[in-house]
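What follows is a short report on a single structure.
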């Protein structure tokens, strides 16, 4: 967008995309304006693979000065999970100066209206999309995702989630008309007549608290939902994953300025080592919305203490897959093996507990004992990751030492059915790469229950022996109710078992995937169609993305006048 581009030109440019997004969330059909294939980039101003890598390399060792008010220094220190020191410095903010400056631009942004806010947000997303290759390297070297996953999940899939939030925000804001003529008959007297004006008004400043593993995918929904509903947004990235969100803020500030709005509507606050500014920011009176992805402990703290703000949390859960029977045994094993391996299990949607009857299961290859099912799954994972090049492309790198420690501890919790092994990454010798571990546990033993009823984030899964399918269903219910779940999977050819699992997920508000054997996996969701989380169990108090995720980020204020 050139500096002279008007909001009317923005509407002409982006309204068709907004309309397609509105249709997609209505039909839930597949749609995306952001290409998934790396070779689709390089035309119409977008960076191709080589240009994106060069742009990323040019960032290393530089200072990203965003021109924000209240900058009192610069901070950095990110080290890639692949062993590279990024050396990028970011502005550290005096929030007593920055927050009032952010608030100053909200009146004009509010008065612009829902459509103009939406198309400005779409221009931000378009510019980010044009730099997808650059962003992919930024995500890769802060999260540890392998390049292709960083490209897709950190690029087009994250952009889809941002656009989805804008679409929902637009729908909720235009649900009420801008004006209405109101007339009430009074019999023989003159009717009562009023002209009414309805204005969506922002709550205040939104705070996005970023995560280490999916900085853009988890950050964009809240950022764009708040911005599209008229709020200024302060982005507080995870200290180990600043770069992708800092680049996002830079793009947003440029677009806002060129469209005639205050760039301080979007700002970044990076933190000094050990500073821990999230708690301080979260309880500031100016902060009226908080979006958070991360640990249950801090999510619970935010919900309890940030009382002045509307808090949206995605925390942690214990995801389960119930295996009662299989109509395509090989397909089931291959699908589960991929789900357990992708990004070294460092996804909030990765299955942890595999609930399997101790007497075994029925399959299209005949009956299989519990031990056979677990051994076959272990062989399937080994086969998937047997080639080191392929393993590196699927596993990525361990994001932090805590994940590595949990992986090593898990091997001592029970009988190891699949041992984790170390894999060298020839391109990045400093990367810590580990294959998953699968540990057998007994669902009837209290000591084992302490292990499988706790989240073990990373490449760790437990094969839990249960007495029967009905016991598996009840354990599934208790796990969701007590610990929460972002995802649930089930494999069964029994209609009664399928109905029982479905009923548990409906009652406990957990998203369910049944009998996946192809190229769709329980730990992946598609924007515009799938809901990520439900907001109805302890794993998260919000879903990405639905009307509830955006509707409380603004209020409608009415002005009445005599007609």
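In the working numbering, the protein residues as written are 8 to 570. Glycine included, every Cβ here is placed at the ideal spot set by N, Cα and C. Just so you know, these numbers come straight off a predicted model, no measurement behind them.
#1: Assign residue 10 to buried or exposed, taking buried as 16 or more other Cβ atoms, counted over all protein chains shown, within 10 Å of its Cβ.
#2: Tell me the DSSP bridge mates of residue 80?
#3: Starting from residue 536, follow its DSSP beta bridges and name the residues at the other end.
#4: Enumerate in chain order the residues of its own chain whose CB-to-CB distance from residue 517 is below 6 Å, with the five nearest sequence positions on each side excluded.
#5: Express the C-alpha separation of residue 203 and residue 191 in angstroms, rounding to a whole number.
#6: Taking 8 Å as the cut-off, decide whether the C-beta atoms of residue 444 and residue 427 are in contact.
#7: Three-state secondary structure (DSSP) at residue 116?
#8: Does the beta-carbon distance from residue 474 to residue 175 come in below 8 Å?
#9: Return yes when the Cβ of residue 214 is within less than 8 Å of the Cβ of residue 294, no when it is not.
#10: My output table needs one value for residue 343: the three-state DSSP class, helix, strand or coil.
#11: DSSP three-state call for residue 326: helix, strand or coil?
#12: Going by beta carbon distance, what residues of the same chain come within less than 6 Å of residue 177, once the five residues before and after it are set aside?
#13: What is the rounded straight-line gap between the Cα of residue 447 and the Cα of residue 455?
#14: Pick out the complete beta strand (DSSP E) segments inside the segment 329–414, 3 residues or longer, and give them in chain order.
#15: Measure the Cβ-Cβ separation of residue 406 and residue 150 and say whether it is below 8 Å.
#16: If we ignore side chains and look at the alpha-carbon of each, how far apart do residue 227 and residue 164 end up?
#17: Find the nearest neighbour of residue 484 within the set 172, 240 and 328, judged by alpha-carbon distance.
#18: Report the rounded CA-to-CA distance for residue 431 versus residue 168, giving the unit in angstroms.
#19: Closer than 8 Å is the cut-off here; do at least three beta carbon pairs connect the segment 133–140 with the segment 41–59?
#20: In terms of residues, what are the limits of the alpha helix (DSSP H) holding residue 508?
#21: Can you check which of these residues, 325, 287 and 334, is closest to residue 312 by C-alpha distance?
#22: With DSSP run on the structure shown, which of helix, strand or coil describes residue 315?
#23: Using 8 Å for Cβ pairs, my map puts residue 239 next to residue 113. What's the rounded Cβ distance?
#24: Decide if the segment 330–342 is in contact with the segment 295–305; the criterion is three or more beta carbon pairs, one per stretch, under 8 Å apart.
#25: What is the DSSP secondary structure of residue 8, reduced to helix, strand or coil?
#26: Which residue comes first and which comes last in the beta strand (DSSP E) that contains residue 496?
For this structure:
#1: The residue you call residue 10 lines up with position 3 of the chain shown. With a pLDDT of 49 at residue 10, under the threshold of 50, the modelled position of that residue is not reliable, and no figure is offered here.
#2: Here residue 80 refers to the residue found at position 73 when the chain shown is read from its first residue. Paired residues: 99.
#3: Locating residue 536 in the chain shown gives position 529, counting from the first residue. DSSP lists no beta-bridge partner residue for residue 536.
#4: In the chain shown, the residue the question calls residue 517 occupies position 510. Contacts found: 487, 492, 495 and 544.
#5: Taking the chain shown and counting its residues from 1, the one referred to as residue 191 is at position 184. Taking the chain shown and counting its residues from 1, the one referred to as residue 203 is at position 196. Their Cα atoms are separated by approximately 13 Å.
#6: By one-based count along the chain shown, residue 444 stands at place 437. By one-based count along the chain shown, residue 427 stands at place 420. Yes, the pair counts as a contact, with Cβ atoms nearer than the cut-off.
#7: Along the chain shown, one-based indexing puts residue 116 at 109. For residue 116, the secondary structure class from DSSP, reduced to helix, strand or coil, is helix.
#8: The count along the chain shown starts at 1 and reaches residue 474 at position 467. The count along the chain shown starts at 1 and reaches residue 175 at position 168. At the C-beta level, residue 474 and residue 175 stay beyond 8 Å of one another.
#9: Sequence index remark: in the chain shown, residue 294 carries index 287 (1-based). Sequence index remark: in the chain shown, residue 214 carries index 207 (1-based). Going by C-beta atoms, residue 294 is nearer than 8 Å to residue 214.
#10: Counting from one through the chain shown, the residue named residue 343 turns up at place 336. It is helical.
#11: Position 319 of the chain shown, counting from 1, holds the residue named residue 326. In this structure, DSSP gives residue 326 a state outside helix and strand, which the three-state scheme calls coil.
#12: As a first step, residue 177 is located in the chain shown; it is residue number 170 there, counting from the start. Beyond the five residues adjoining it in sequence on each side, residue 177 comes within less than 6 Å, by CB distance, of 121 and 125 in the same chain, given in chain order.
#13: What you label residue 447 is simply residue 440 of the chain shown in a count that begins at 1. What you label residue 455 is simply residue 448 of the chain shown in a count that begins at 1. Going from the Cα of residue 447 to the Cα of residue 455 covers about 9 Å.
#14: Those beta strand (DSSP E) runs which fall completely within the segment 329–414 and span 3+ residues are 360–364.
#15: Residue numbering aside, residue 406 sits at position 399 when the chain shown is read from its first letter. Residue numbering aside, residue 150 sits at position 143 when the chain shown is read from its first letter. With respect to the 8 Å criterion, residue 406 and residue 150 are classified as neighbours on the basis of their beta carbons.
#16: Numbered from 1 along the chain shown, position 220 holds the residue referred to as residue 227. Numbered from 1 along the chain shown, position 157 holds the residue referred to as residue 164. Cα to Cα, the separation comes out at about 10 Å.
#17: For the purposes of this step, residue 484 is taken as the residue at position 477 of the chain shown. Closest by C-alpha distance to residue 484, out of 172, 240 and 328, is 328.
#18: Here residue 431 is taken as the residue at index 424 of the chain shown, counted from 1. Here residue 168 is taken as the residue at index 161 of the chain shown, counted from 1. If you draw a straight line from the Cα of residue 431 to the Cα of residue 168, it comes to about 34 Å.
#19: Three or more beta-carbon pairs drawn from the segment 133–140 and the segment 41–59 are found closer than 8 Å, and the two stretches are therefore classed as touching.
#20: Here residue 508 is taken as the residue at index 501 of the chain shown, counted from 1. 502–515 is the extent of the alpha helix (DSSP H) around residue 508.
#21: Within the chain shown, the letter at position 305 stands for residue 312. With distances taken between CA atoms, residue 312 lies nearest to 287 out of 325, 287 and 334.
#22: On the chain shown, residue 315 is found 308 positions in, with the first residue counted as 1. Of the three classes helix, strand and coil, the one that applies to residue 315 here is coil, per DSSP.
#23: Reading the chain shown from its first residue, position 232 is the one you call residue 239. Reading the chain shown from its first residue, position 106 is the one you call residue 113. The beta-carbon separation of residue 239 and residue 113, rounded to 6 Å, stays under the 8 Å limit for a contact.
#24: No contact exists between the segment 330–342 and the segment 295–305.
#25: Sequence index remark: in the chain shown, residue 8 carries index 1 (1-based). At residue 8, the pLDDT of 41 sits below 50, so the modelled position is not reliable; the number obtained from the coordinates is stated separately. The answer is coil: DSSP assigns residue 8 none of H, G, I, E or B.
#26: By 1-based counting over the chain shown, the position of residue 496 is 489. The continuous beta strand (DSSP E) containing residue 496 extends over residues 495–498.
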